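Number of protein chains: 2
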Amino acid sequence: MNGKVLVAQGGGPTAVINQSMVGAVLESRKFRNIEKVYGAFHGVRGIVQEDFLDLTQETTHNLELVAGTPSSALGSTRDKPDLQYCQEIFKVLKAHEIGYFFYIGGNDSSDTVRIVSEEARKADYALRCIHIPKTIDNDLMVNDHTPGFPSAARFVAQAFMGANLDNWALPGVYIGVVMGRHAGFLTAAAALGKKFPDDGPHLIYVPERAFDIDKFLTAVKATMDRHGRCVIAVSEGIADENHVPIATKLAEEVERDAHGNIQLGGGGLAEMLVDVIKKRLGYKRVRGDTFGYVQRSFVGCVSDVDQREAREVGEKAVQFAMWGDRDGSVTIHRTGFYSVDYHLTDLLEVAGKTKVMPDEFISPCGTDVTDAFRMYLRPLLGSGMPDAYRLRQNKVAKILGR
Amino acid sequence: MNGKVLVAQGGGPTAVINQSMVGAVLESRKFRNIEKVYGAFHGVRGIVQEDFLDLTQETTHNLELVAGTPSSALGSTRDKPDLQYCQEIFKVLKAHEIGYFFYIGGNDSSDTVRIVSEEARKADYALRCIHIPKTIDNDLMVNDHTPGFPSAARFVAQAFMGANLDNWALPGVYIGVVMGRHAGFLTAAAALGKKFPDDGPHLIYVPERAFDIDKFLTAVKATMDRHGRCVIAVSEGIADENHVPIATKLAEEVERDAHGNIQLGGGGLAEMLVDVIKKRLGYKRVRGDTFGYVQRSFVGCVSDVDQREAREVGEKAVQFAMWGDRDGSVTIHRTGFYSVDYHLTDLLEVAGKTKVMPDEFISPCGTDVTDAFRMYLRPLLGSGMPDAYRLRQNKVAKILGR
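Chains as they are written, first to last, in this note's numbering: chain A, 1 to 402; chain B, 403 to 804.
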């Protein structure tokens, strides 16, 4: 099948999304039946606006350099196309004689690919549509894990490794709020920053478990009593048993201030949790950080395993398109400790769905991860993970006896 | 002079403070007149509590591993000793026959060293006191720069490099709040994340220049009009012309909410600036991050130049103590592009004083740095700085003309 290739990136950028783009571009350029390889600017929005770059005219050398650069080099979009939007996309693809459409993104992007694929079939237009997985949330169905997650997880693990050392040096309570509205994988990655038994994070809160403020305060107090310090990893998406986000709940308490409730200072989840701990438990040194955009865009904290796999899903997408006979989503499957293989999965199995942490990854207490999770995540973090060392405790006898 | 050596760490941890500790310990262990090398737990507090580790019994190998580990391996403290506290310190040093006292820290720590040194002289007790510099704020007098700053600056530069790429992919306004109450060096380091002329940070606000909210909003609007996006680096210490911190000012506006002013959501400086931009300029996609503890404790973002120098100031401190005849503070002096030398400076020149950014490092507009600053900072960031690449703009002609 002759035609042009169109590659686009959607949703939140990751540290390795350009690997997938470059994988798809370079592999496409190898095929003689491909006359041009285009990149759409800012995802689906660039498609409806016909905003294309000709990547056939880009040097291989520069593509390799771009592949190693985090964030979406083609630009991204938060647009979630409905049927009409997808029909517009389809019109443009037809006008430009696009024969192959590769869209790199998460659940929403895979759903876009699904609709465009169906529109092409209805119109009897020969278009091969392949979704290439990407999301730091690690929440795509069928996939063992998703490109972008390992590098973000590495950032979170290294950040908590450092936060634990800092908190050990100047003891108190430390809360780090990690991205992830529905799936707790990224927050749970904080556990990989732990080395010694008394290291933090001592408490991990994921959205898969209902969050109870009183139980939380009891756990913080127990940790302080035991270690004299407490490091906590909290997912931004934690919610109570009725699925009401804790951020919303605490913000309502801020609203009620005037009527005599405990006074919370407002701000984000981290600030509010800090306030609750200070006011209800009376600890003085309580600090909270929201990892924010730094955790997904930091330059210089990338898993080499993630880079390699992100490249391969891009490359495999083109191979499935050229040598296969159906549309689909490229999925990652674990085949060893550690090795993976890639399949082409029906779009319906991935599109618009959300995977959350399985029970066997969360310890029964609900505030820690299991060894199964550690085994799952460790190989993804890649080579050269930093390690933390301590001085041995050769205590000197007191003379003044203070 | 015979005697024992005591090493301690004070103030906020840095990525390389253990290099200085290990430099002092290993160098001390070479001298035959030194019978023991002690480390005080949690700085001056550990001294008054006689809480010492015998570092003579620590392996060289483990010391090297600890040297490469960020944060204070001996623990730190926020105690700022007054005269009486220093007299308590002095009593313990005497009881344990400490002949050499090395204290690694910032301005406050150097002041502690000064008082202890004076107490020893008054009591006619032979004690050599040396202050070893450390602070991510880079605000110690006499020093060209201070150990810990280059690694933190590298983190900030890499974080803004990523934030800029992320903001390019999904345009809007992004604010990153960086540590530094009085000195803007660390915030200014954000400029080193810039490569292309249209890259962010587009606006940099340091405490050395009065901050005006109206001028700020005008500058944000001008940047948005020009680039369609805006990345801003803000020091946590920005204040208005009367030295009132902006965080305090905006928090007061939050307090006044009930009386009909613009409604701010509260929280930290980042959240409040985001709110002001949203409400006064009407932009929708406005995001703010406070870099928080991550910027000083992140494991895996260290400048090799910083590591080397931090090690050397520890080593030189011991050499000055053993072969010199006076107390002092080890200071770093630039001798080439790039090379440094170390002097022993009178404690009075460093103790309790604060250095801020010189005028020649801040551009006349007040919201950018000069090339002089870039030349100053670049060699400190060390080798292997990541670089960001872009796709070339080979635009495809539109067919549907959208």
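Positions of the beta carbon are idealized from the N, C-alpha and C atoms, including for glycine.
Please read these numbers as outputs of a predicted model, since none were measured by experiment.
Notebook entry, point to check: Can you name the residues of chain A whose CB is closer than 8 Å to the CB of B/Val758?
Noted result: Within the second sequence, numbered from 1, the residue matching residue 758 of chain B stands at position 356. Here the premise fails: no neighbours, minimum Cβ distance about 25 Å.
Check: CA-CA distance, A/Val274 and A/Gly282?
Finding: For this step, residue 274 of chain A is matched to residue 274 along the first sequence. For this step, residue 282 of chain A is matched to residue 282 along the first sequence. So the two alpha carbons sit approximately 11 Å from each other.
Note to self: Beta-carbon within less than 6 Å of B/His661's beta-carbon, same chain only, minus the 5 sequence neighbours each way: which residues are those?
What the structure shows: For the purposes of this step, residue 661 of chain B is taken as the residue at position 259 of the second sequence. Its pLDDT being 48, under 50, B/His661 is placed unreliably by the model, and nothing is read from it.
Margin query: Just to confirm the assignment, what range does the beta strand (DSSP E) spanning B/His745 have?
Written below: Position 343 of the second sequence, counted from the start, is the residue given in the question as residue 745 of chain B. Here the beta strand (DSSP E) through B/His745 covers 741 to 747.
Item checked: C-alpha distance - A/Ala397 paired with B/Asn435, whole-angstrom precision -> In the first sequence, counting from the first residue as 1, residue 397 of chain A sits at position 397. In the second sequence, counting from the first residue as 1, residue 435 of chain B sits at position 33. Put simply, the backbone Cα of A/Ala397 is about 21 Å away from that of B/Asn435.
Next item on the list: Mind checking which residues open and close the beta strand (DSSP E) that includes B/Gly786?
Entry: Position 384 of the second sequence, counting from 1, holds the residue named residue 786 of chain B. Here B/Gly786 belongs to no beta strand (DSSP E), and DSSP marks it neither H nor E.
Next item on the list: Assign B/Leu619 to one of three DSSP states: helix, strand, or coil.
Entry: Counted from its first residue, the second sequence places residue 619 of chain B at position 217. DSSP, reduced to helix, strand and coil, places B/Leu619 within a helical segment of the structure shown.
Notebook entry, point to check: Anyone know if the C-beta pair for B/Ala635 and B/Ile679 falls short of 8 Å?
Noted result: Here residue 635 of chain B corresponds to residue number 233 of the second sequence, with the count starting at 1. Here residue 679 of chain B corresponds to residue number 277 of the second sequence, with the count starting at 1. With contacts defined as CB atoms closer than 8 Å, B/Ala635 and B/Ile679 fail to qualify as a contacting pair.
Check: If you run the structure through DSSP and keep just helix, strand and coil, what is B/Tyr487?
Finding: Locating residue 487 of chain B in the second sequence gives position 85, where the first residue counts as 1. Secondary structure of B/Tyr487 (DSSP, three-state): helix.
Item checked: Rounded separation between A/Pro150 and A/His61 - CA only -> The count along the first sequence starts at 1 and reaches residue 150 of chain A at position 150. The count along the first sequence starts at 1 and reaches residue 61 of chain A at position 61. A direct Cα-Cα distance of roughly 25 Å separates A/Pro150 from A/His61.
Check: Counting only beta-carbon atoms, is B/Met563 nearer than 8 Å to chain A?
Finding: Sequence index remark: in the second sequence, residue 563 of chain B carries index 161 (1-based). So, interface residue.
Next item on the list: Below 8 Å CB to CB, which residues in the same chain sit around B/Val771 once its five sequence neighbours on both sides are set aside?
Entry: Indexing the second sequence from 1 puts residue 771 of chain B at position 369. The beta carbon of B/Val771 sits closer than 8 Å to those of Ala590, Ala593, Ile606, Phe763, Ile764, Ser765, all from its chain and outside the five residues before and after it, given in chain order.
Margin query: Let me check understanding here. Comparing Cα to Cα, which of A/Val113, A/Asp144, A/Ala95, A/Lys91 lies closest to A/Phe438?
Written below: Nothing in the structure corresponds to residue 438 of chain A, since chain A is present only between 1 and 402.
Check: What in chain A is Cβ-close to B/Phe700, meaning under 7 Å?
Finding: In the second sequence, residue 700 of chain B corresponds to position 298, counting from 1. By Cβ distance, chain A contributes Gln158, Ala159, Gly162.
Item checked: Cβ-Cβ distance between B/His533 and B/Val752 below 8 Å -> Within the second sequence, the letter at position 131 stands for residue 533 of chain B. Within the second sequence, the letter at position 350 stands for residue 752 of chain B. Taking the C-beta atoms as reference points, B/Val752 is found nearer than 8 Å to B/His533.
Next item on the list: Kindly say whether A/Cys301, judged by its beta-carbon, lies nearer than 8 Å to any beta-carbon of chain B.
Entry: Here residue 301 of chain A corresponds to residue number 301 of the first sequence, with the count starting at 1. Closer than 8 Å to some Cβ of chain B, the Cβ of A/Cys301 qualifies, so yes.
Check: By how many angstroms is the C-alpha of A/Val66 removed from the C-alpha of B/Glu655?
Finding: The sequence position of residue 655 of chain B within the second sequence is 253, counting from 1. The sequence position of residue 66 of chain A within the first sequence is 66, counting from 1. Distance between the alpha carbons of B/Glu655 and A/Val66 is about 44 Å.
Checklist line | Any C-beta of chain B under 8 Å from that of A/Gln49 | finding: Locating residue 49 of chain A in the first sequence gives position 49, counting from the first residue. Output row for A/Gln49: interface = yes.
Check: Cα separation between B/Gly639 and B/Pro647?
Finding: Residue mapping note: residue 639 of chain B aligns to position 237 of the second sequence, counting from 1. Residue mapping note: residue 647 of chain B aligns to position 245 of the second sequence, counting from 1. Distance from the CA of B/Gly639 to the CA of B/Pro647, rounded to the nearest whole angstrom, comes to 7 Å.
Item checked: Residues of its chain near B/Met759, where Cβ-Cβ distance is below 7 Å and the 5 sequence neighbours each way are ignored -> Here residue 759 of chain B refers to the residue found at position 357 when the second sequence is read from its first residue. The residues are Ala585, Gly586, Phe587, Ala590, Val608, Glu610.
Margin query: Taking the straight line between their C-alpha atoms, what separation do you get for B/Phe443 and A/Ala251?
Written below: Against the second sequence, residue 443 of chain B aligns to sequence position 41. Against the first sequence, residue 251 of chain A aligns to sequence position 251. Separation of B/Phe443 and A/Ala251 (C-alpha to C-alpha, rounded to the nearest whole angstrom) is 40 Å.
Note to self: Using only CA atoms, which one of A/Val7, A/Val173, A/Arg287, A/Arg392 lies nearest to A/Ser72?
What the structure shows: Start at 1 with the first residue of the first sequence, and residue 72 of chain A comes out as number 72. Nearest C-alpha to A/Ser72: A/Val7.
Checklist line | Beta-carbon separation (whole angstroms), B/Arg687 vs B/Val575, contact threshold 8 Å | finding: Within the second sequence, the letter at position 285 stands for residue 687 of chain B. Within the second sequence, the letter at position 173 stands for residue 575 of chain B. With a Cβ gap of about 7 Å, B/Arg687 and B/Val575 count as contacting.
Check: What is the DSSP secondary structure of B/Ser422, counted as helix, strand or coil?
Finding: Numbered from its first residue, the second sequence carries residue 422 of chain B at position 20. Here B/Ser422 sits in helix by DSSP.
Item checked: C-beta neighbour in chain A for B/Trp570, strict 8 Å -> By 1-based counting over the second sequence, the position of residue 570 of chain B is 168. For B/Trp570, the nearest beta carbon of chain A is closer than 8 Å to its own beta carbon.
Margin query: Distance cutoff 8 Å, beta carbons only. Does B/Glu711 sit that close to anything in chain A?
Written below: As a working mapping, residue 711 of chain B is identified with position 309 in the second sequence. Taking Cβ atoms only, chain A never reaches closer than 8 Å to B/Glu711, which makes this a no.
Note to self: Short of 8 Å in beta carbon distance, which residues of its chain neighbour B/Phe700, apart from the five on each side in sequence? Order them along the chain.
What the structure shows: Here residue 700 of chain B corresponds to residue number 298 of the second sequence, with the count starting at 1. Correct list, in chain order: Ala417, Pro472, Phe557.
Next item on the list: Would you identify the three-state DSSP class for A/Ser76, choosing helix, strand or coil?
Entry: Start at 1 with the first residue of the first sequence, and residue 76 of chain A comes out as number 76. Three-state DSSP puts A/Ser76 in coil, outside helix and strand.
Note to self: Once the 5 residues before and after A/Glu404 are set aside, which same chain residues still bring their CB inside 7 Å of it?
What the structure shows: With chain A covering only 1 through 402, there is no way to say anything about residue 404 of chain A.
Check: Secondary structure at B/Arg628, three-state DSSP: helix, strand or coil?
Finding: If you number the second sequence from 1, residue 628 of chain B lands on position 226. Look at B/Arg628 here: in three-state DSSP terms it is helix.
Next item on the list: Note down the Cα distance separating A/Lys145 from A/His333, rounded to an integer number of angstroms.
Entry: Counting from one through the first sequence, the residue named residue 145 of chain A turns up at place 145. Counting from one through the first sequence, the residue named residue 333 of chain A turns up at place 333. As written in the sequence, residue 145 of chain A is His, which differs from the Lys given in the question. Approximately 8 Å, taken between the alpha carbons.
Notebook entry, point to check: If A/Gly268 and A/Thr290 are in contact, beta carbons under 8 Å, what's the gap, nearest whole angstrom?
Noted result: If you number the first sequence from 1, residue 268 of chain A lands on position 268. If you number the first sequence from 1, residue 290 of chain A lands on position 290. Contact between A/Gly268 and A/Thr290 holds: CB atoms are separated by about 5 Å, below the 8 Å threshold.
Item checked: Where the beta strand (DSSP E) through B/Lys438 begins and ends -> By 1-based counting over the second sequence, the position of residue 438 of chain B is 36. Unbroken beta strand (DSSP E) run through B/Lys438: 436 to 442.
Notebook entry, point to check: Using a C-beta to C-beta distance shorter than 8 Å, which residues of chain B count as neighbours of A/Ser54?
Noted result: Here the question's residue 54 of chain A lines up with position 54 in the first sequence. A small fix is needed here, since residue 54 of chain A is Asp in this sequence, not Ser. Those within 8 Å of A/Asp54 in chain B are Asn796, Lys797, Val798.
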